[in-house]
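Engineer: Structure in structure tokens, see below.
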Amino acid sequence: MDRGNHNTTFQYNYSHQNLGGFLLVMPPFTIDNEPTSTVPSDGTVVRYNISENDGSNSGCPTSGTQTHGGGVLHFVGGVPNQSGSSSAVPLFYNNTFSVRDGLSTPILYSRSGTSISGALSFQNNAVFNYGSGNDFTTTGTSTYSNNLFYGNHPSREPADAAK
123 MDRGNHNTTF QYNYSHQNLG GFLLVMPPFT IDNEPTSTVP SDGTVVRYNI SENDGSNSGC
183 PTSGTQTHGG GVLHFVGGVP NQSGSSSAVP LFYNNTFSVR DGLSTPILYS RSGTSISGAL
243 SFQNNAVFNY GSGNDFTTTG TSTYSNNLFY GNHPSREPAD AAK
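Heads up: take any position in the sequence shown, counting from 1, add 122, and you land on the numbering used here.
Quick look at the structure:
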């Protein structure tokens, strides 16, 4: 999900051991001669996907560097939100995310740290986390609802009253 995208849907994908994670989410920032670089993406929907052991960048030449993160849903900065859109926050629903034992891959990862700006909606997903990775939290009003969290429960696992 690059910057400046409007009403983009990612659906029906199967990803297995992708070193860069399942999905890279770019924030807006300034790049010379690229007019959409400062525009946040909006109307993003991520649904009906399966991610299995993605984001483990072991063996990658840039593993652990600023240019290569290690998460399933990899946010380079804050969550890109734009008001006035049909969906101002990214919607993640009806996906399956699985991380095997022995991996330290978080489901929600950001290069910006453990608490990032913005909000997202994460609903009706199945998360099978046998690894030891920890997720980020958001400063915005994110929605986590009706998710299945199975396996290990990291300290920053999203609060979901209906999990």
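C-beta atoms are modelled at their ideal positions from N, C-alpha and C, and glycine is treated no differently.
Could you check if PRO157 is buried or exposed, using at least 16 other CB atoms within 10 Å of its CB as the buried criterion?
Structural biologist: So PRO157 counts as exposed.
Engineer: With 16 as the cutoff for other CB atoms within 10 Å, does TYR134 come out buried or exposed?
Structural biologist: Exposed: under 16 other Cβ atoms inside 10 Å.
Engineer: Verify the CB distance criterion: does ASN216 have a CB-CB separation below 9 angstroms to chain D?
Structural biologist: Here there is only one protein chain, and chain D is not present.
Engineer: In three-state DSSP terms, what is THR131?
Structural biologist: Correct three-state label for THR131: strand.
Engineer: Using DSSP with H/G/I as helix, E/B as strand and the rest coil, what is TYR136?
Structural biologist: Here TYR136 sits in strand by DSSP.
Engineer: In chain order, what residues of the same chain have a beta carbon less than 6 angstroms from the beta carbon of PHE132, not counting five sequence neighbours either side?
Structural biologist: Excluding sequence neighbours, PHE132 sits near VAL168.
Engineer: In the DSSP assignment, the beta strand (DSSP E) including ILE172 goes from what residue to what residue?
Structural biologist: Here the beta strand (DSSP E) through ILE172 covers 172 to 174.
Engineer: So, under 8 angstroms CB-CB, PRO150 and GLY193 are touching, yes? Tell me the CB distance rounded to an integer number of Å.
Structural biologist: Not really, about 20 angstroms apart at Cβ, beyond 8 angstroms.
Engineer: What's the gap between the Cα of ASN140 and the Cα of ALA284?
Structural biologist: Answer to the nearest angstrom: the Cα atoms are 30 angstroms apart.
Engineer: How long is the line joining the alpha carbons of ALA241 and VAL201, rounded to whole angstroms?
Structural biologist: Looking at the two C-alpha atoms, the distance is approximately 6 angstroms.
Engineer: Ignore the nearest five residues each way along the sequence and tell me which others in ASP124's own chain have a CB closer than 6 angstroms to its CB.
Structural biologist: Cβ neighbours of ASP124 beyond the five flanking positions: MET148.
Engineer: Quick check: SER173 and SER243, are their CB atoms within less than 9 angstroms of each other?
Structural biologist: Against a cut-off of 9 angstroms, the Cβ pair of SER243 and SER173 comes out as no contact.
Engineer: Check this for me: beta carbons of ASN251 and ASN268, under 9 angstroms apart or not?
Structural biologist: No; because the gap between Cβ atoms is not below 9 angstroms, this pair is not in contact.
Engineer: Alpha carbon to alpha carbon, what distance is there between ALA248 and TYR170?
Structural biologist: Computed Cα separation, rounded: 11 angstroms.
Engineer: Using a Cβ-Cβ cutoff of less than 7 angstroms, which residues in the same chain neighbour ASN256 once the five nearest sequence positions on both sides are dropped?
Structural biologist: Cβ neighbours of ASN256 beyond the five flanking positions: PRO228, PRO276, SER277, ARG278.
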